[in-house]
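Participant: Mapping of the sequence shown onto the numbering used here: position 348 corresponds to residue 548, and the numbering continues sequentially without gaps. Below you will find the structure I want to go over with you.
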Amino acid sequence: MPKFIGRKRELTRLKALLNKKKAHLIILKGRRRIGKSRLLKEFGKVIGHVHVFTGLAPDKDITAKQQREEFARQLGVEFGLRGLKTEDWGDLFWHLAEQVKTGRVLVVLDEVSWMAQDDPTFLPKLKVAWESYFMTNSELILALCSSISMWIDENILSSTGFVGRQSLTMTLKELRLDECGEFWDGIGSQVSAQEKLLTLAVTGGVPRYLEEIDPQLSAEQNIKALCFSPEGILLHEFNQIFSDLFGAKQALYRNICESLAYGPADAQTVFERTGMKGSGDDYQCLQNLTLSGFISRDYSWHIRSGEIAKIAWYRLSDNYCRFYLKYILPSRERIELDSYSETGLVTLSGWSTIAGLQMENLILNNRALIQAELGISQQEIICDNPYTQRATKARKGCQIDYLIQTRFNTLYVCELKYSKDPVSGQVIDEVKQKIAALGVKSNFSVRPVLIHCNSVSEAVLESGFFAKIIDFAALV
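Rendered as structure tokens:
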């Protein structure tokens, strides 16, 4: 099994449960491949005994009966049980509870939404089993995991049957940038930060993808192996995860993501691009993609009042999905013919531009590191997001890569630059124009910030214009 990396905060929260001598029901959600079951297995090392049961991936031919049969099969393998009846979830949960009724133990129902597929009795009988059987062991922890976050929200967190019963709910995000650097352990000092960043711009901080990195290969070689070879795991990953998560509606969710692959958009623009009508169900699709971790809803706000504006911009925030839709998918037929085996990525059309856009996404997904570099605490921040100001008769429009507004009337105008060459002095004029377009009053302080991934020119350094220049590569 690969080395376990990161998740120190999450492990600390899980270990804290052991301080109370009572049974715990915990909820763990997050996108596919984010490391939910891996985290719990690591936690299981502390507990001593861990039993993991996984639902069958949804398919049109998979029935509720087959889900019960598979659970019974896993139960039999785990505890040496034979001849289990599979007609009733209540019986299966009782058999499981009998095996874990004493001692410190962790039971994991992984992809619990799959287990419950097409069976309205699953959750009510799980609730009964929890209260009647599992809770009698004061050292037991039952973990419910799902990649379908909206299912957890609707059926567990908002269900009257489970409200108030869970001890802990966690949503796993991508690994932080500084944690991702550990995947190059052993030869990390021989690999430049820029090369690590280029790989991360494609994979994001998704542990399963990072485990496939060969530290001995260059970033370009790793990306080619993962994305641009017929057997590359990231060539087929997109279709797999969307099929697993969204089933018959995968085409609809895919269309939404494709509409955002070329830039953020408000809901109405997304509906126009996809031919959706803007119904309540359509808005729910956007919400589901947000909860699943594939897109982000970036709120804009009124600077003078700090109030959230009505309009919000949806952004394809998952780096892998963005890279797949913009760069892998258009070339998929050629990739399957192995046409890129002798081609360098830098020779491909628009590679530098794509890499830059991917890097911007990576920076936004690691904004906490930027805030730390600026010495800003979460308690100080009123709003922070990419900021879009639409043009009106009274003001010019502008787009700020990342804007932070604090309670002390300070605006940090962050410009993100990715280039193989040093950032030139032209960036100063660009940021000055954006600040002027904001038209903020004199009671606000404005601090321009430059975030780069390579180096900056002497002209930029000597100008003294930027309040802070952050080398993002140094944070890996």
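C-beta atoms are modelled at their ideal positions from N, C-alpha and C, and glycine is treated no differently.
Check whether the segment 580-598 and the segment 635-646 touch, using three or more Cβ-Cβ pairs below 8 Å as the test.
Facilitator: yes
Participant: So does the segment 419-437 actually touch the segment 483-496, counting three or more Cβ pairs closer than 8 Å?
Facilitator: no
Participant: Report the rounded CA-to-CA distance for PHE322 versus LEU239, giving the unit in angstroms.
Facilitator: 25 Å
Participant: Buried or exposed for ILE652, going by 16 or more other Cβ atoms inside 10 Å?
Facilitator: Note that residue 652 corresponds to His in the displayed sequence, not to Ile. Under this definition HIS652 is a buried residue.
Participant: Pick from ARG647, HIS295, TYR462, LEU256: whose alpha carbon is nearest that of TYR524?
Facilitator: TYR462
Participant: Compare the Cα-Cα distances from GLN366 to each of PHE383, ILE348, LEU340 and report the closest residue.
Facilitator: LEU340
Participant: With ALA401 and ASN566 assumed to form a contact (beta carbons below 8 Å), what rounded beta-carbon distance in angstroms separates them?
Facilitator: Wrong, their Cβ atoms sit about 12 Å apart, outside the cutoff.
Participant: Could you check whether LEU344 and LEU306 sit closer than 9 Å to each other, using their CB atoms as the reference points?
Facilitator: no
Participant: Just the C-alpha distance for ILE356 and GLY235, rounded to the nearest angstrom, thanks.
Facilitator: Going from the Cα of ILE356 to the Cα of GLY235 covers about 21 Å.
Participant: Alpha carbon to alpha carbon, what distance is there between GLY625 and SER552?
Facilitator: 20 Å
Participant: Whose CA, out of CYS583, LEU435, MET476, lies closest to the CA of ALA451?
Facilitator: MET476
Participant: Could you please give me the residues that DSSP links to ASN585 through a beta bridge?
Facilitator: LEU603
Participant: Per DSSP, ALA465 is paired with what?
Facilitator: TYR514
Participant: Give the DSSP-derived three-state secondary structure of GLU298 in the structure shown.
Facilitator: helix
Participant: Hey, PHE383 and GLU354: beta-carbon distance below 9 Å or not?
Facilitator: no
Participant: Let's see if you can read the secondary structure: which residues bound the alpha helix (DSSP H) around LYS399?
Facilitator: The identity of residue 399 in the sequence shown is Thr, whereas the question assumes Lys. Its alpha helix (DSSP H) spans residues 393-403.
Participant: Among GLN633, LYS620, ILE563, which has the Cα closest to the Cα of TYR602?
Facilitator: Per the Cα distances, ILE563.
Participant: For ALA316, which of MET370, LEU284, GLY283, PRO258 has the nearest alpha-carbon?
Facilitator: PRO258
Participant: Just verifying my parser: in three-state terms, what is the DSSP assignment at THR212?
Facilitator: helix
Participant: In this structure, does DSSP put ILE356 in helix, strand or coil?
Facilitator: helix
Participant: Going by DSSP, name the residue or residues bridged to MET370.
Facilitator: LEU228
Participant: Threshold first: 4 residues or longer. Then list the alpha helix (DSSP H) segments lying entirely within the segment 613-643, N to C.
Facilitator: 626-638
Participant: Using the three-state DSSP reduction, which class does ARG376 fall into: helix, strand or coil?
Facilitator: coil
Participant: Smallest Cα separation from ARG232: which of GLN440, TYR612, PRO648, SER505?
Facilitator: GLN440
Participant: Go ahead and label ASP288 buried or exposed: buried means 16 or more other beta carbons lie within 10 angstroms of its beta carbon, across all protein chains shown.
Facilitator: exposed
Participant: If you compare alpha carbons, which of VAL470, THR212, GLU573 is closest to SER459?
Facilitator: VAL470
Participant: Considering just the uninterrupted stretch of the beta strand (DSSP E) at SER496, what are its terminal residues?
Facilitator: 495-501
Participant: Cutting at 6 Å between CB atoms, please list the residues of its own chain near GLU681, excluding the five before and the five after it.
Facilitator: No information on residue 681 is available, as it lies outside the stretch 201 to 676 that the chain covers here.
Participant: In the structure shown, what three-state DSSP assignment does ASP444 receive?
Facilitator: helix
Participant: To the nearest angstrom, how far is it from the Cα of GLN267 to the Cα of GLN390?
Facilitator: 48 Å
Participant: Is the distance from the Cβ of GLY230 to the Cβ of THR403 below 9 Å?
Facilitator: A distance of 9 Å or more separates the beta carbons of GLY230 and THR403.
Participant: So, at 8 Å on beta carbons, what are the nonlocal neighbours of ILE635 in its own chain, with the 5 sequence-adjacent residues on each side left out?
Facilitator: VAL613, VAL646, PRO648
Participant: Given that a residue counts as buried once 16 or more other Cβ atoms are within 10 Å of its Cβ, and exposed if not, what is GLN589?
Facilitator: buried
Participant: Where ALA297 and GLY280 are concerned, what is the direct C-alpha to C-alpha distance, given to the nearest angstrom?
Facilitator: 14 Å
Participant: Any idea what DSSP makes of ARG304, helix, strand or coil?
Facilitator: coil
Participant: Taking contact to mean at least 3 C-beta pairs separated by less than 8 Å, is the segment 615-632 in contact with the segment 526-536?
Facilitator: no
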